[in-house]
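*Asks:* Protein chains in written order, with my numbering: chain A, 32 to 318; chain B, 1140 to 1491.
Heads up, the beta-carbon is just placed ideally off N, CA and C, and yes, glycines get one too.
This one's a predicted model, so the numbers in the text were calculated from it and none came from an experiment.
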């Protein structure tokens, strides 16, 4: 991808907890108006990198820049008006209704004594319309299904008025249909509203399908970065995940599709039918 | 700016959509109803405590004495024993109730109230140290109690780390036990053995507290409660978890600042009436049950005050001719309440 500008980027960013370095000298730019997905094996530092981008972890070295300024130097409430975050396990307070939760996205816009304004209400309404949660407005969040709840959280982040949205594994705990629904929603937000999205995803094939920009992380360092076609190659997947694999073309989206090889032989003789092969591979990938 | 342009390009939402306020109407109405109900309960409990008992007053008499009329015996009993006790019960109850709800909300654990995690007993130990060992009085003792509470909670927080919840409760319970032994040691070493004094600092008591101490507590609460009310705004974000709150621009230092206010509220309450057991602990869950699961500091504070008044009334008249310290009654009620909370938690898997 021939890019553009990046409002959010890191320079030689090193993050860690105490002595342990989790992200090592990473320089990455989140392209504006695009969907960036960070992939990598467990404990490769992808969640930590996202937290670093969201100013939740203080850098041990290097910087995170938002609009050319060090993000940690800017007032955190000002950052919150530009940068929305959906963490991995947000907590819905017991008994809270959807409209109330989404309304809390307006927190950075409200002072100590300022009341709820028409602008706040408009932002909340817009966020709920965009995420298709308006009809749930008076429902208790803890009664919703996983997919609905995740949409409500995205509505809350949108109500912040954020142009950049960071999401830490927004599809965890969702079944495959809801995973696709969630990613479709994010893609829609990206195209309709121009929202820049950066997220961590577990599923490599869904990542390849939805990302404009892929970042592959291994042991706290960037191994490959670019379009899905550039990043999702047999060699990169082998390096990053240590997985013997084949890369074929996704018959639906024409993006790369990783088919793990594994040690087990098929139980039935392989029919020379590529369709059938792909079907088994897809169902395995999606668990 | 980009937000505004993006919004302008969006198609207008259909006009048939209901107003968002209707969506939150039911919870808001319930909240208002519960708060009004608790305020009425507080007035009723106050009236019971002041007007009833061994020596009863009529309402007209109460106001006549309050506005300066001298009635032999009656004036003394009302102004020097009943009224100060009732006012002190309300103030201490408000402080403990608000602090307890705040702790439970921030630490996301119903066991993490200041009276269980050692804050109250830290204040108590420091207070009695100032009183018996250093020979200080009144304001200086209160100041020591406040410093002690802050130090002890600092230690608990430091040992427990930032992971919150469970570890903090475990460390806090250990520290609380250590503080009890400090209080007992100081009392045992003192040569001026005074039962009232011991009861006050060990279990909490409203007996013989002078108006000057009550005034001091009132002034402290006039500062602390409004501070808490202003800061409570960030609880809307903090309730969603540390990461989500940080994403909304509410940092971790906010949690610590709020906890500090809770510690101070607890400490000034303890300085006046001792570590009255379980009031802070019980107020939050009761308020939440009334609110349909929602946290509310205001409701917690009101429940705390009602609990204190009822407990003190029971303590005063349960055994004829003996005025028990209020902490014995709250302890007797709070113990089973703790067990019930744990049993319910084991059943639902929700509560620590």
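Between residue 1239 (chain B) and residue 1295 (chain B), is the Cβ-Cβ spacing less than 7 Å?
*Replies:* Residue mapping note: residue 1239 (chain B) aligns to position 100 of the second chain, counting from 1. Residue mapping note: residue 1295 (chain B) aligns to position 156 of the second chain, counting from 1. It is not a contact, given that the beta carbons lie outside the stated cut-off.
*Asks:* Below 8 Å on the Cβ atoms is my contact criterion, and I expect residue 1226 (chain B) with residue 1264 (chain B) to pass it. Report the Cβ-Cβ distance as a whole number of Å.
*Replies:* The sequence position of residue 1226 (chain B) within the second chain is 87, counting from 1. The sequence position of residue 1264 (chain B) within the second chain is 125, counting from 1. Not quite, the Cβ-Cβ distance comes to about 26 Å (not below 8 Å), so this is no contact.
*Asks:* Provide the residue span of the beta strand (DSSP E) that contains residue 45 (chain A), from first to last.
*Replies:* Counted from its first residue, the first chain places residue 45 (chain A) at position 14. Residues 39-48.
*Asks:* What are the boundary residues of the beta strand (DSSP E) that residue 127 (chain A) is part of?
*Replies:* Mapped onto the first chain, residue 127 (chain A) falls at position 96. Element bounds for residue 127 (chain A): n/a, residue is neither H nor E.
*Asks:* Just curious, the beta strand (DSSP E) that residue 230 (chain A) is in, first and last residue?
*Replies:* Against the first chain, residue 230 (chain A) aligns to sequence position 199. 227-231 is the extent of the beta strand (DSSP E) around residue 230 (chain A).
*Asks:* Kindly indicate if chain A contains any beta-carbon less than 7 Å away from that of residue 1423 (chain B).
*Replies:* The residue labelled residue 1423 (chain B) in the question sits at position 284 within the second chain. It does not; no Cβ of chain A falls within 7 Å.
*Asks:* Counting pairs of beta carbons, one from the region 255-268 of chain A and one from the region 227-244 of chain A, are three or more of them closer than 8 Å?
*Replies:* Yes: the two stretches touch, three or more of their Cβ pairs being nearer than 8 Å.
*Asks:* Anything in the region 150-169 of chain A with a Cβ closer than 7 Å to a Cβ of chain B? List those residues in chain order, please.
*Replies:* Those residues of the region 150-169 of chain A that come within reach of chain B (Cβ to Cβ, closer than 7 Å) are 152, 155, 156, 157, 160, 165, 168, 169.
*Asks:* Assign residue 1362 (chain B) to one of two classes, buried (16 or more other C-beta atoms within 10 Å of its C-beta) or exposed (fewer than that).
*Replies:* Counting from one through the second chain, the residue named residue 1362 (chain B) turns up at place 223. Classification of residue 1362 (chain B): exposed, given that the 10 Å Cβ count is below 16.
*Asks:* Taking only beta-carbon positions, decide if residue 1264 (chain B) is within less than 7 Å of chain A.
*Replies:* Position 125 of the second chain, counting from 1, holds the residue named residue 1264 (chain B). Not closer than 7 Å to any Cβ of chain A, the Cβ of residue 1264 (chain B) fails to qualify, so no.
*Asks:* So, does the region 140-147 of chain A touch the region 87-97 of chain A, judging by three or more C-beta pairs under 8 Å?
*Replies:* Cβ pair count under 8 Å is below three, so no.
*Asks:* Report back the beta-carbon spacing between residue 164 (chain A) and residue 196 (chain A) to the nearest angstrom; my notes put them in contact at under 8 Å.
*Replies:* Position 133 of the first chain, counted from the first residue, corresponds to residue 164 (chain A). Position 165 of the first chain, counted from the first residue, corresponds to residue 196 (chain A). Actually they do not touch by this definition, with Cβ atoms about 16 Å apart.
*Asks:* What do you get for residue 90 (chain A), buried or exposed, if any count of 16 or more other CB atoms within 10 angstroms of its CB means buried?
*Replies:* For the purposes of this step, residue 90 (chain A) is taken as residue 59 along the first chain, with counting starting at 1. Buried.
*Asks:* Give me the DSSP bridge partner(s) of residue 280 (chain A).
*Replies:* Taking the first residue of the first chain as position 1, residue 280 (chain A) is located at position 249. DSSP lists A:287 as partners of residue 280 (chain A).
*Asks:* Check the DSSP bridge columns for residue 249 (chain A) and list the partner residues they point to.
*Replies:* Residue mapping note: residue 249 (chain A) aligns to position 218 of the first chain, counting from 1. In DSSP, residue 249 (chain A) forms a bridge with A:252.
*Asks:* By the DSSP assignment, the beta strand (DSSP E) with residue 93 (chain A) in it spans what residues?
*Replies:* By 1-based counting over the first chain, the position of residue 93 (chain A) is 62. That run of the beta strand (DSSP E) goes 92-97.
*Asks:* Residues in its own chain within less than 7 Å of residue 182 (chain A) by CB, not counting five upstream and five downstream?
*Replies:* Within the first chain, residue 182 (chain A) is the residue found at index 151, counting from 1. Answer for residue 182 (chain A): 162, 163, 164, 216, listed in chain order.
*Asks:* Which bits of chain B does residue 219 (chain A) rub up against, with CB to CB less than 7 Å?
*Replies:* Locating residue 219 (chain A) in the first chain gives position 188, counting from the first residue. Within 7 Å Cβ-Cβ: nothing; residue 219 (chain A) doesn't reach chain B, min ~12 Å.
*Asks:* Cα separation between residue 1384 (chain B) and residue 237 (chain A)?
*Replies:* Working through the second chain from its first residue, we reach residue 1384 (chain B) at position 245. Working through the first chain from its first residue, we reach residue 237 (chain A) at position 206. About 29 Å.
*Asks:* Can you find the residues in the same chain that come closer than 7 Å, C-beta to C-beta, to residue 320 (chain A), ignoring five residues on each side of it along the sequence?
*Replies:* This structure gives no information on residue 320 (chain A), because the portion of chain A shown stretches from 32 to 318.
*Asks:* Identify whether residue 199 (chain A) lies in helix, strand or coil by the three-state DSSP scheme.
*Replies:* As a working mapping, residue 199 (chain A) is identified with position 168 in the first chain. DSSP places residue 199 (chain A) in strand when its eight states are reduced to three.
*Asks:* Which residues, in chain order, does the region 216-241 of chain A contribute to contact with chain B at a C-beta distance below 7 Å?
*Replies:* Flagged, chain order: 224, 225.
*Asks:* So, at 6 Å on beta carbons, what are the nonlocal neighbours of residue 36 (chain A) in its own chain, with the 5 sequence-adjacent residues on each side left out?
*Replies:* On the first chain, residue 36 (chain A) is found 5 positions in, with the first residue counted as 1. Closer than 6 Å at Cβ, skipping near neighbours: 63.
*Asks:* Starting from residue 1188 (chain B), trace the alpha helix (DSSP H) both ways and give me its first and last residue.
*Replies:* For the purposes of this step, residue 1188 (chain B) is taken as the residue at position 49 of the second chain. Run containing residue 1188 (chain B): 1164-1190, per the alpha helix (DSSP H) assignment.
*Asks:* Under 7 Å between the Cβ atoms of residue 129 (chain A) and residue 172 (chain A)?
*Replies:* Translated into positions along the first chain, residue 129 (chain A) becomes position 98. Translated into positions along the first chain, residue 172 (chain A) becomes position 141. The answer is yes: Cβ separation under 7 Å.
*Asks:* How many Å lie between residue 1299 (chain B) and residue 1314 (chain B) at the Cα?
*Replies:* The count along the second chain starts at 1 and reaches residue 1299 (chain B) at position 160. The count along the second chain starts at 1 and reaches residue 1314 (chain B) at position 175. Spanning the two alpha carbons is a distance of roughly 11 Å.
*Asks:* Going along chain A, which residues have a C-beta under 7 Å from residue 1372 (chain B)?
*Replies:* The residue you call residue 1372 (chain B) lines up with position 233 of the second chain. Ordered by position in chain A, the residues that pass the 7 Å Cβ test against residue 1372 (chain B) are 143.
*Asks:* Given 8 Å as the limit, is there contact between the region 1394-1408 of chain B and the region 186-201 of chain A, that is, 3 or more CB pairs closer than that?
*Replies:* Because the criterion of three Cβ pairs below 8 Å is not met, the region 1394-1408 of chain B and the region 186-201 of chain A do not touch.
*Asks:* Contact defined as beta carbons within less than 8 Å: I believe residue 263 (chain A) pairs with residue 287 (chain A). What is the distance between those atoms, to the nearest angstrom?
*Replies:* Indexing the first chain from 1 puts residue 263 (chain A) at position 232. Indexing the first chain from 1 puts residue 287 (chain A) at position 256. About 4 Å; that satisfies the 8 Å criterion.
*Asks:* Beta carbon of residue 57 (chain A): closer than 6 Å to some heavy atom of the ligand ADP?
*Replies:* Annotation note on the ligand ADP: not contained in the displayed structure, which lists no ligands.
*Asks:* With a cut-off of 7 Å, does the C-beta of residue 1428 (chain B) fall near any C-beta of chain A?
*Replies:* Position 289 of the second chain holds residue 1428 (chain B). Not closer than 7 Å to any Cβ of chain A, the Cβ of residue 1428 (chain B) fails to qualify, so no.
*Asks:* According to DSSP, is residue 56 (chain A) part of a helix, a strand, or is it coil?
*Replies:* Against the first chain, residue 56 (chain A) aligns to sequence position 25. Correct three-state label for residue 56 (chain A): strand.
*Asks:* Got a sec: is the Cβ-Cβ distance from residue 288 (chain A) to anything in chain B below 7 Å?
*Replies:* To locate residue 288 (chain A), count along the first chain from 1; it is residue 257. False, the Cβ-Cβ gap to chain B never drops below 7 Å.
*Asks:* Name, going along the chain, the residues of the region 1240-1269 of chain B whose beta-carbon falls closer than 7 Å to a beta-carbon of chain A.
*Replies:* Taking 7 Å as the Cβ-Cβ cut-off against chain A, none of the residues of the region 1240-1269 of chain B qualify.
*Asks:* Show which residues of chain A have a CB atom less than 7 Å away from the CB atom of residue 1431 (chain B).
*Replies:* One-based indexing of the second chain puts residue 1431 (chain B) at position 292. The answer, in chain order, is 126.
*Asks:* Whole-angstrom Cβ separation of residue 1177 (chain B) and residue 1418 (chain B), contact assumed at under 8 Å?
*Replies:* As a working mapping, residue 1177 (chain B) is identified with position 38 in the second chain. As a working mapping, residue 1418 (chain B) is identified with position 279 in the second chain. Actually they do not touch by this definition, with Cβ atoms about 15 Å apart.
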